[in-house]
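Residues are numbered in the numbering used here as their position in the sequence shown, beginning at 1, plus a constant of 237. Where a beta carbon is used, it is the ideal one built from N, C-alpha and C, also for glycine. Beneath this line is the structure, given in structure tokens, with notes to follow.
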Amino acid sequence: MIADRLKSIRDTLPSGVELVAVSKFHPAEAVKEAYDAGQRVFGESRAAELTEKTSQLPADIVWHFIGHLQTNKVRPVVAAASVIQSIDSERLLLAVDREAEKQGRRVDVLLQLHVAAEETKFGLTPDEACDLAERVVPQLKAVTVTGVMGMASNTPDDRERITADFRAIRATFDRLAAGALSGEPRFTVCSMGMSDDRDIAIACGSNMVRIGTDIFGMREY
Ligand SMILES: *Cc1c(COP(=O)(O)O)cnc(C)c1O
């Protein structure tokens with residue numbers, strides 16, 4: 238069943254759009270099913286769950302961390318993740334860089350943008366992201382900023398609002414790519430779109446979607 242769902246999603250994704258299978262709250266067996274169907278890139282949102290799954294699953298899985306990351310959880314996440322998509326403060330960016338250097342690891346990160354209506358969501362404003370890229374990125378030693386990540390407002394009935402949010406994320410990506418990060422050839426990722434809004438995200442210029450429910454079913458919290 239997971240294999241069928243994966244296939245139908247892959248069949249509809251335009252070429253050039255990468256799929257991150259979001260496996261949070263689903264057991265390692267479910268990840269293994271997707272792995273056996275060819276999926277190699279997975280997303281997790283909690284440090285302990287990521288650590289547990291990396292110990293149980295094949296080593297060639299590329300793990301993306303997509304949840305809010307507290308500085309006291311940076312060590313295990315840097316040890317396990319190839320990409321941290323949820324850099325939402327200068328403090329966190331510097332902490333990840335320091336820890337990656339200490340562990341002798343290279344980590345790719347995305348700047349998480351906050352454009353949605355909900356105050357509760359994490360992330361940098363577009364101006365904060367540009368400021369961070371200008372001031373802090375040149376100092377980084379073990380981390381490469383390879384893109385941005387963002388979520389649209391949780392307004393399923395308001396496609397216009399969702400479209401405006403995704404356009405704002407893409408515009409910030411373009412602004413960084415043409416400006417502060419124009420010297421970084423690996424700055425290429427615009428991660429936006431989840432199960433319910435991926436079509437709008439792709440139409441607005443996403444090249445990485447993060448899909449959980451449509452692959453693994455509903456999460457039980
Ligand atoms: C959980 C989560 C997803 C996946 O959401 P679905 O609606 O299950 O596809 C994507 N991105 C982030 C940041 C998430 O926390």
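### Task
Please name the residue or residues paired with H301 in a DSSP beta bridge.
Partner(s): G280 and V320.
### Task
For K261, verify whether its CB is less than 7 Å away from any heavy atom of ligand 1.
It does: the Cβ of K261 is within 7 Å (strictly closer) of some heavy atom of ligand 1.
### Query
Hey, is the stretch 292-303 in contact with the stretch 326-338, meaning 3+ C-beta pairs nearer than 8 Å?
No, they do not touch.
#### Entry: Beta-carbon proximity list for A389, same chain, < 7 Å, skipping 5 on both sides
Once the five neighbours on either side are set aside, the close Cβ partners of A389 are A353, I399, D402, F403 and D434.
### Query
If you run the structure through DSSP and keep just helix, strand and coil, what is C427?
DSSP, read as helix, strand or coil, puts C427 in strand.
### Task
Could you tell me which of V446, D394, H351 and N391 sits nearest to A408, measuring between CA atoms?
Comparing Cα-Cα distances from A408 to each of V446, D394, H351 and N391, the minimum goes to H351.
### Task
Answer yes or no: the CB of T450 versus the heavy atoms of ligand 1, is any distance below 7 Å?
The answer is yes for T450.
### Message
Could you check whether the Cβ of I399 sits closer than 7 Å to any heavy atom belonging to ligand 1?
### Response
Checking the Cβ of I399 against ligand 1 gives no.
### Message
Taking the alpha carbon of E286 as the reference point, which residue from V380, I303, A274 and Q276 has its own alpha carbon closest?
### Response
For E286, the nearest C-alpha among the options comes from I303.
### Query
Are there 16 or more other CB atoms within 10 angstroms of the CB of Q340, so buried, or fewer, so exposed?
Exposed, because fewer than 16 other Cβ atoms sit within 10 Å of the Cβ of Q340.
### Query
In whole angstroms, what separates the C-alpha of R343 from that of V380?
Going by the C-alpha atoms only, they are around 6 Å apart.
### Query
Any chance the CB of D436 is under 7 Å from a heavy atom of ligand 1?
No, ligand 1 has no heavy atom inside 7 Å of this Cβ.
### Cutoff 6 Å; reference V278; Cβ partners in own chain excluding five residues on either side
V257 and V299.
### Task
Please find out if some non-hydrogen atom of ligand 1 comes closer than 7 Å to the beta-carbon of G304.
Yes, the beta carbon of G304 sits closer than 7 Å to at least one heavy atom of ligand 1.
### Task
Using the Cα positions of A320 and T249, report the straight-line distance between them to the nearest angstrom.
This sequence places Val at residue 320; Ala is not what is there. In this structure, the alpha-carbon of V320 lies about 25 Å from that of T249.
### Task
Taking 8 Å as the threshold, find out whether the stretch 419-430 comes into contact with the stretch 307-316 through three or more Cβ pairs.
As far as the Cβ criterion goes, the stretch 419-430 does not touch the stretch 307-316, which means the pair count is below three.
### Query
Between K378, M386, D345 and A370, which lies nearest to G360 when the distance is taken from Cα to Cα?
When each option's Cα is compared against that of G360, the closest is M386.
### Task
Return yes when the Cβ of H301 is within less than 8 Å of the Cβ of A318, no when it is not.
Yes. Within cutoff.
### Message
Quick check on the burial criterion: 16 or more other C-beta atoms within 10 angstroms. Buried or exposed for K378?
### Response
Exposed, by the Cβ-count rule.
### Query
Do you know whose CA, among D451, M431, V373 and V426, lies nearest N391's CA?
Minimum Cα-Cα distance from N391 among the listed residues D451, M431, V373 and V426 corresponds to M431.
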